[in-house]
């Protein structure tokens with residue numbers, strides 16, 4: 002008895018160790034990816050012949066003032082020194098200029114907008130609640146919607162419901178978010194006057210208004226993305242239903258509900274989770290578009306404002322921040338995935 | 536689909552007849568053809584109507600600068616109405632906009648297919664570390680917030696660089712991972728086939744095996760995935776134009792018109808419906824066509840997304 006117990010413990014500790022090693026490997030990999038992406042974006046955006054110093058040097062822009070502005074912003078240095086300063090800024094914060102006019106940008110410093118006179122991190126943090134509210138609500142809604150319609154479609158395969166859902170889903174895949182959003186605004190906002198057509202109310206200010214303003218964006222974004230998940234879930238479910246263990250479960254007299262809920266669904270959800278992890282990037286893109294449709298002041302509108310004003314620091318900051326966000330989120334999905342499915346060997350890939 | 540049904544589907548008759556029997560291929564294909572012809576003959580069509588997409592017709596607008604009259608100013612002169620504020624002809628904008636959408640969409644697809652096939656075939660054939668590194672890179676690019684990158688790039692690249700070419704490169708670049716994955720998977724199975732093993736045993740070089748032995752057997756998959764990924768590329772171009780970082784005005788682009796329609800939706804919904812309907816139709820047609828093509832050409836491939 003004790004021998005067996007000891008065996009189990011050492012087996013478990015070995016597995017924990019393997020998992021930790023996997024975790025460390027993935028974490029190292031993630032850091033490397035972050036570094037490479039930062040380097041590539043920095044090179045692309047700074048090697049290009051736009052001169053941020055000239056933009057913020059004002060008029061008349063004398064050569065002296067230009068040189069001064071360049072030195073202040075750190076653009077007089079070689080590109081790799083600038084990159085290094087940027088990296089250090091993200092980890093430890095940095096200071097622009099010196100003396101009484103110096104501007105400190107505390108960590109994590111994703112740059113400093115000389116146009117708005119605010120650190121980019123600060124600007125991002127102000128916009129995050131809007132963007133996250135849209136993204137998270139829509140994601141929850143589309144996962145529920147996509148998986149449930151996919152399961153129904155698979156279980157009633159070939160039926161009228163299945164065919165209807167599949168037809169709707171191909172239309173859903175084809176409709177761009179902004180188009181559906183604008184139609185939604187027109188019908189439910191202007192014609193039926195049911196929901197507000199634009200704007201955002203912070204949750205802390207009024208939870209009801211927050212919800213009310215978000216209903217339409219959520220539905221629009223969720224409906225379109227759910228279509229993909231309906232098709233994915235349906236395909237997976239059909240595969241799983243033909244597996245031996247489902248036949249066994251049915252043969253031993255398990256109720257259909259238990260067979261599907263316990264045995265089939267779990268194996269359907271794993272690929273759905275993977276795809277969801279990969280979709281986070283396009284979710285962020287979808288939110289940018291949704292923000293414009295519903296005139297909400299989130300990360301996307303910050304980015305588009307920066308485009309209009311050529312605010313390079315904000316552009317690079319927001320781009321890198323969103324890349325980091327997605328990569329870290331993928332890392333989290335990756336490791337939780339290892340926890341969800343005990344069969345997945347951490348060593349693969 | 537049972538095995539018998541699959542065989543029945545792929546086994547009968549020449550390819551063209553099998554394709555023509557598939558209703559989604561024929562319907563989708565017909566709509567695509569219509570749009571391609573529209574794009575090619577855009578100047579002719581506009582001339583037929585007697586309009587162009589650039590001239591202002593302020594006389595067609597009401598006092599609130601919205602188009603006067605029924606359905607956004609539909610008349611014998613302006614078949615699909617006019618644009619609010621400027622009175623430019625919507626029919627001309629839509630037919631010329633088809634050029635932008637199809638050109639950027641198809642060219643970007645070609646870029647991503649070339650990249651994806653090359654990367655996927657190399658990863659699948661060589662395996663080992665090459666595969667591991669490539670797969671990791673593929674994962675990263677796949678999950679990347681590409682749209683945000685595209686927006687930023689569009690803003691910082693100098694105006695002297697032609698915008699359509701930039702769009703093609705950028706949209707094409709972010710599209711390769713999905714096709715690379717599929718090609719990698721197919722290559723993995725093909726590489727163990729006897730003819731490949733035989734070629735390797737008789738001393739054929741990697742280049743010969745990759746491009747003369749493997750590539751011809753991947754053509755069906757490549758065609759299917761190229762078709763399936765076109766609507767995504769068209770959508771990306773429209774999204775960028777919608778956000779104001781696409782093809783610069785006055786070149787007509789459906790996405791830009793849709794973006795401008797936001798401010799007019801309550802007074803002139805037709806301004807949204809016309810370019811939006813065109814965009815929806817072409818996307819739907821490519822999706823239908825691609826799905827049908829996949830069923831006919833490549834029944835084994837499980838639906839992956841572009």
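Residue numbers (this note's numbering), protein chains in the order written: chain Z, 2 to 350; chain V, 536 to 841.
A virtual CB, placed ideally from N, CA and C, is assigned to each residue, including glycine.
| field | Closest by C-alpha distance to residue 580(V), when choosing among 627(V), 564(V), 607(V) and 661(V) | value | Translated into positions along the second chain, residue 580(V) becomes position 45. It is 627(V) whose Cα lies nearest to the Cα of residue 580(V).
| message | Does the CB of residue 333(Z) have a neighbour CB from chain V at under 7 Å? | response | As a first step, residue 333(Z) must be located in the first chain, where it is residue number 332. Output row for residue 333(Z): interface = no.
| task | Any chance you could list the beta strand (DSSP E) runs of at least 3 consecutive residues sitting entirely within the segment 693-732 of chain V, in chain order? | result | none
| request: Could you tell me the distance, in whole angstroms, from the CA atom of residue 98(Z) to the CA atom of residue 46(Z)? | output: For the purposes of this step, residue 98(Z) is taken as residue 97 along the first chain, with counting starting at 1. For the purposes of this step, residue 46(Z) is taken as residue 45 along the first chain, with counting starting at 1. The straight-line gap from Cα to Cα measures roughly 22 Å.
| message | Any beta carbon from chain V within less than 7 Å of residue 346(Z)'s own beta carbon? | response | Taking the first chain and counting its residues from 1, the one referred to as residue 346(Z) is at position 345. Only weak support exists for where residue 346(Z) lies, its pLDDT of 46 falling under 50; the value from the coordinates is given anyway. Output row for residue 346(Z): interface = no.
| If the cut is a Cβ gap below 9 Å, which residues of chain V does residue 64(Z) touch? | Numbered from 1 along the first chain, position 63 holds the residue referred to as residue 64(Z). None at all; the shortest Cβ gap to chain V is about 22 Å.
| message | Suppose you measure from the CA of residue 238(Z) to the CA of residue 153(Z); what does that come to, to the nearest Å? | response | Reading the first chain from its first residue, position 237 is the one you call residue 238(Z). Reading the first chain from its first residue, position 152 is the one you call residue 153(Z). Rounded to the nearest angstrom, the two C-alpha atoms are 10 Å apart.
| task | Starting from the C-beta of residue 562(V), find all residues in its chain whose C-beta is less than 7 Å away, skip the five residues before and the five after it, and write them out in chain order. | result | Indexing the second chain from 1 puts residue 562(V) at position 27. Hits under 7 Å: 823.
| query | In the DSSP assignment, what are the bridge partners of residue 97(Z)? | reply | Sequence index remark: in the first chain, residue 97(Z) carries index 96 (1-based). Residue 97(Z) pairs with 104(Z).
| Residue of 551(V), 603(V) and 788(V) minimising C-alpha distance to residue 632(V) | As a position in the second chain, residue 632(V) is number 97, starting the count at 1. Checked all of 551(V), 603(V) and 788(V); the closest Cα to residue 632(V) is 788(V).
| field | Paired residues, beta bridge with residue 596(V) - DSSP | value | Stepping through the second chain from its first residue, residue 596(V) is reached at position 61. Residue 596(V) pairs with 602(V).
| task | Please go through the segment 563-593 of chain V and give each complete beta strand (DSSP E) segment of 3 or more residues, from N-terminal end onward. | result | none
| said: Can you give me the C-alpha to C-alpha distance between residue 15(Z) and residue 712(V), rounded to a whole angstrom? | reply: Taking the first residue of the first chain as position 1, residue 15(Z) is located at position 14. Taking the first residue of the second chain as position 1, residue 712(V) is located at position 177. Near 35 Å, if we compare the C-alpha coordinates of residue 712(V) and residue 15(Z).
| task | With 8 Å as the C-beta to C-beta threshold (strictly closer), list the residues of the segment 634-663 of chain V near chain Z in chain order. | result | none
| said: Checking the sheet assignment: what are the DSSP bridge partners for residue 113(Z)? | reply: Position 112 of the first chain holds residue 113(Z). In the DSSP output, where bridge partners are listed per residue, residue 113(Z) has 120(Z).
| message | Under 8 Å: do the segment 186-194 of chain Z and the segment 140-154 of chain Z share three or more Cβ pairs, one atom per stretch? | response | no
| request: Just the chain V side, please: which residues come within less than 7 Å of residue 320(Z) by C-beta, in chain order? | output: Walking along the first chain from the start, residue 320(Z) turns up at place 319. Result: 683, 684 and 687.
| If you pair each beta-carbon of the segment 292-311 of chain Z with each one of the segment 91-110 of chain Z, do three or more pairs fall below 8 Å? | no
| task | Alpha carbon to alpha carbon, how far is residue 326(Z) from residue 211(Z)? Give it in angstroms, no decimals. | result | Looking up residue 211(Z) in the first chain gives position 210. Looking up residue 326(Z) in the first chain gives position 325. One C-alpha to the other measures close to 24 Å.
| query | Got a sec: is the Cβ-Cβ distance from residue 678(V) to anything in chain Z below 7 Å? | reply | What you label residue 678(V) is simply residue 143 of the second chain in a count that begins at 1. Yes, residue 678(V) counts as interfacial toward chain Z.
| task | Following the continuous alpha helix (DSSP H) through residue 238(Z), name the residue where it begins and the one where it ends. | result | If you number the first chain from 1, residue 238(Z) lands on position 237. First-last of the alpha helix (DSSP H) with residue 238(Z): 208-242.
| Whether residue 745(V) touches residue 721(V) by CB criterion (7 Å) | Locating residue 745(V) in the second chain gives position 210, where the first residue counts as 1. Locating residue 721(V) in the second chain gives position 186, where the first residue counts as 1. The answer is no: Cβ separation not under 7 Å.
| said: Does any residue of chain Z have a CB that is nearer than 7 Å to the CB of residue 617(V)? | reply: By one-based count along the second chain, residue 617(V) stands at place 82. By this cut-off, residue 617(V) is not an interface position.
| query | Sorted by chain position, which residues of the same chain lie with C-beta nearer than 7 Å to residue 552(V)'s C-beta, five sequence neighbours on each side aside? | reply | To locate residue 552(V), count along the second chain from 1; it is residue 17. Answer for residue 552(V): no residue qualifies.
| said: To the nearest angstrom, how far is the alpha carbon of residue 734(V) from that of residue 654(V)? | reply: Within the second chain, residue 734(V) is the residue found at index 199, counting from 1. Within the second chain, residue 654(V) is the residue found at index 119, counting from 1. Answer to the nearest angstrom: the Cα atoms are 21 Å apart.
| message | With H, G and I counted as helix, E and B as strand and the rest as coil, what does DSSP make of residue 802(V)? | response | Within the second chain, residue 802(V) is the residue found at index 267, counting from 1. Three-state result, residue 802(V): coil.
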